[in-house]
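Colleague: This is the structure I want to talk about, given as structure tokens.
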Amino acid sequence: MLFQTDHRHGTHDQRRIYAWFEIAYTIIDFAAATLFVIGSFMFLSEEWTMTGTWCFIVGSFFFAAKPTLRLVRELKLAAMGDEEDLAERFRS
């Protein structure tokens, strides 16, 4: 099932993939937030404004990567599951 929140009952491979994607998701989230905090401090000084702006831009790309990563994870997990069940859900 797409975007299923309980992956404790999946296969070993499904649980492993879910865990790796959660780690990657957390790293991306942490990196984006860190860049925004650093960029915010850089905006306190005129001479650091350009670098701070780049921190915001890179942080924004990290934030944009989060839903992409989540979709890739869910599609990968769905591909490991019952394809007929997945197809049935999309027909309805």
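Those letters in the sequence shown? Residues 1 to 92, per UniProt numbering, in order. Backbone N, C-alpha and C define an ideal beta-carbon position, used for all residues, glycine too. This one's a predicted model, so the numbers in the text were calculated from it and none came from an experiment.
Determine the burial state of residue 44: buried for a count of at least 16 other Cβ atoms within 10 Å of its Cβ, exposed for fewer.
Modeller: Label assigned to residue 44: exposed.
Colleague: Mind checking whether residue 69 and residue 28 have CB atoms under 8 Å apart?
Modeller: The answer is yes: Cβ separation under 8 Å.
Colleague: Along the chain, which unbroken stretches of the beta strand (DSSP E) at least 3 residues long are found entirely within the UniProt domain "YrhK" (21 to 74)?
Modeller: none
Colleague: Using a Cβ-Cβ cut-off of 6 Å (strictly less than) and excluding sequence neighbours within five positions of residue 39, which residues of its own chain qualify?
Modeller: Taken in chain order, the residues that qualify are 52, 55, 56.
Colleague: Are residue 35 and residue 72 touching if we call contact CB-CB under 8 Å?
Modeller: At least 8 Å separates the beta-carbon of residue 35 from that of residue 72.
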